[in-house]
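Colleague: Got a structure for you, questions after.
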Amino acid sequence: MPSGTTDHLSAAVRVGAGLLAEATSADHLPLRRVLQTAQNLLYLDLTDSDSPASAATQKARATRRNQLDVAYGDGEGEKLDIYFPDEDSKAFPLFLFLHGGYWQSGSKDDSAFMVNPLTAQGIVVVIVAYDIAPKGTLDQMVDQVTRSVVFLQRRYPSNEGIYLCGHSAGAHLAAMVLLARWTKHGVTPNLQGFLLVSGIYDLEPLIATSQNDPLHMTLEDAQRNSPQRRLDVVPAQPVAPACPVLVLVGQHDSPEFHRQSKEFYETLLRVGWKASFQQLRGVDHFDIIENLTREDDLLIQIILKTVFQKL
1 MPSGTTDHLS AAVRVGAGLL AEATSADHLP LRRVLQTAQN LLYLDLTDSD SPASAATQKA
61 RATRRNQLDV AYGDGEGEKL DIYFPDEDSK AFPLFLFLHG GYWQSGSKDD SAFMVNPLTA
121 QGIVVVIVAY DIAPKGTLDQ MVDQVTRSVV FLQRRYPSNE GIYLCGHSAG AHLAAMVLLA
181 RWTKHGVTPN LQGFLLVSGI YDLEPLIATS QNDPLHMTLE DAQRNSPQRR LDVVPAQPVA
241 PACPVLVLVG QHDSPEFHRQ SKEFYETLLR VGWKASFQQL RGVDHFDIIE NLTREDDLLI
301 QIILKTVFQK L
């Protein structure tokens, strides 16, 4: 994004509702939503009942076999939705999706974008909920997501691979699963792939921004929950030697998303993960995930290639 555009967007935000007190916030906010903060419309279209994302979720619930609000823990927010292919099977790949929303918005109830294209190919899709801020802390969210993976491995021990995908804040949470110590859970999940879409992997730059207001994140919190910094200090051993980690970013994502995605990819390679990096042309921070409603979407094709090359 040209620097003049960044300056214009930053100014628009400051003049608007005052949601961004710091110039650095503009780099972290997804590009096409920055202008909307003056009307408090950030992320609104993802939960709008008329949006393609919400429509796709409602269609999935109406047309696909499913189990909704399955508890993976004792907490009120520890629920997940499971969508099944038409053909019944005891062995199938599991695709887990973690929604974005800066850890403070978003819901599994509006995040089943990809259900129809993936279940049509024989993949079970699981949309995971976690307690967003201010109710949930980052530590709690990471723990919840990790336990959801453990729950699904135990529920479906004959699965043909668990593929964990997250968008934005969800990509951060998925990346934190790379650091999980499975021995404490008594099970090693059959993780076969990670797809990290437009994520944030170093949280320290967010401490002084308005995005941290509901999170109340300290420097120690940020360091403990930054996969970029954690891998730099104590590299995690890959879950499996051939388990791929795909780091993806939209062409029109803001510069900070590009920087963090590229740096995290390079760190993954350095510490021994089978990582790849790809910029998806023609999409921004939201198109990249909203387009998963389409069978011909590039990211859908990347997901299918990742899953079925492993089977």
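Under this note's numbering, think of the first position of the sequence shown as 1, with each following residue one higher.
Note that CB positions come from ideal geometry on N, CA and C, so glycine has one too.
#1: At what residues does the alpha helix (DSSP H) containing Gly250 begin and finish?
#2: Under the three-state reduction of DSSP, which class applies to Leu314: helix, strand or coil?
#3: Under the rule that 16 or more other beta-carbon atoms within 10 Å means buried, what is Leu317, buried or exposed?
#4: Spatial neighbours of Ala56 within its chain, please: C-beta separation below 6 angstroms, excluding the five flanking residues on both sides.
#5: Should Arg230 be labelled buried (16 or more other beta-carbon atoms within 10 Å of its own) or exposed?
#6: Taking the straight line between their C-alpha atoms, what separation do you get for Val197 and Cys165?
#7: Helix, strand or coil, according to DSSP, for Gln278 in the structure here?
#8: Going by the CB atoms, is the gap between Gly193 and Thr306 shorter than 8 angstroms?
#9: Does any residue of chain D bring its CB to less than 8 angstroms from the CB of Leu191?
#10: For Ala169, which three-state DSSP category applies?
#11: By a C-beta neighbour count over all protein chains shown, 10 Å radius and 16 as the cutoff for buried, is Leu68 buried or exposed?
#12: Am I right that Ile200 and Ala222 are in contact with their C-beta atoms under 8 angstroms? What's the rounded C-beta distance?
#13: Leaving out five residues before and five after Leu248 in sequence, what residues of the same chain have Cβ atoms less than 8 angstroms from its Cβ?
#14: Rounded C-beta distance between Val124 and Tyr72? I'm assuming under 8 angstroms.
#15: Is it true that the segment 178-192 meets the segment 149-163, where meeting means three or more beta-carbon pairs spaced less than 8 angstroms apart?
#16: Does the distance from the CB of Val126 to the CB of Leu80 come in under 8 angstroms?
#17: Tell me which residue opens and which closes the beta strand (DSSP E) that Gly194 is part of.
#18: Alpha carbon to alpha carbon, what distance is there between Cys243 and Phe92?
#19: Just the C-alpha distance for Gln140 and Asn225, rounded to the nearest angstrom, thanks.
#20: Buried or exposed, going by whether 16 or more other CB atoms sit within 10 Å of the CB of Ala120?
#21: For Glu295, tell me which candidate among Arg181, Gly250, Leu118, Gln309 has the shortest Cα-Cα distance.
#22: With a cut-off of 8 angstroms on the beta carbons, I'd call Lys59 and Asn116 a contact; round off their distance for me.
#23: Just checking my contact of Val128 with Val142 at CB under 8 angstroms: how many whole Å lie between their CB atoms?
#24: Might you give, ordered along the chain, the residues of its own chain that have their beta carbon closer than 7 angstroms to the beta carbon of Pro52, omitting 5 neighbours on each side?
#25: Classify Val233: buried if its beta carbon has 16 or more other beta carbons within 10 angstroms, exposed otherwise.
#26: What separation, rounded to the nearest whole angstrom, lies between the Cα atoms of Lys135 and Ala175?
#27: Starting from the C-beta of His99, find all residues in its chain whose C-beta is less than 6 angstroms away, skip the five residues before and the five after it, and write them out in chain order.
Modeller: Taking the definition as stated:
#1: Gly250 -> not in any alpha helix (DSSP H); beta strand (DSSP E) instead, spanning 244-250.
#2: What is shown of the chain runs 1 to 311, which leaves residue 314 out entirely.
#3: Beyond the ends of the chain as shown, which are 1 and 311, falls residue 317; an answer cannot be given.
#4: Phe113, Thr293.
#5: buried
#6: Going by the C-alpha atoms only, they are around 7 angstroms apart.
#7: strand
#8: Taking 8 angstroms as the cut-off, the Cβ atoms of Thr306 and Gly193 count as close.
#9: The displayed structure is made up of one protein chain only, and chain D is not part of it.
#10: Ala169 sits in a helix when the DSSP states are folded into three classes.
#11: Classification of Leu68: exposed, given that the 10 Å Cβ count is below 16.
#12: Actually they are not in contact, since the Cβ atoms of Ile200 and Ala222 sit about 11 angstroms apart, beyond 8 angstroms.
#13: Leu195, Leu196, Val197, Ser198, Ser261, Phe277, Gln278, Gln279, Leu280, Ile288, Leu299, Ile302
#14: Actually they are not in contact, since the Cβ atoms of Val124 and Tyr72 sit about 15 angstroms apart, beyond 8 angstroms.
#15: Verdict: yes, contact present.
#16: yes
#17: The sequence as given places Phe at residue 194; Gly does not occur at that position. According to the DSSP assignment, Phe194 belongs to the beta strand (DSSP E) that extends over 191-197.
#18: 17 angstroms
#19: Rounded to whole angstroms, Gln140 and Asn225 show a C-alpha spacing of 11 angstroms.
#20: exposed
#21: Relative to Glu295, the option among Arg181, Gly250, Leu118, Gln309 whose CA is nearest is Leu118.
#22: The pair is a contact, with the Cβ atoms about 7 angstroms apart (cut-off 8 angstroms).
#23: No, Val128 and Val142 are not in contact; Cβ-Cβ is about 12 angstroms, not under 8 angstroms.
#24: Residues of the same chain with a CB within less than 7 angstroms of the CB of Pro52, apart from the 5 flanking positions on each side, are Glu290, Thr293 in chain order.
#25: exposed
#26: 22 angstroms
#27: Gly106, Ser111, Gly170
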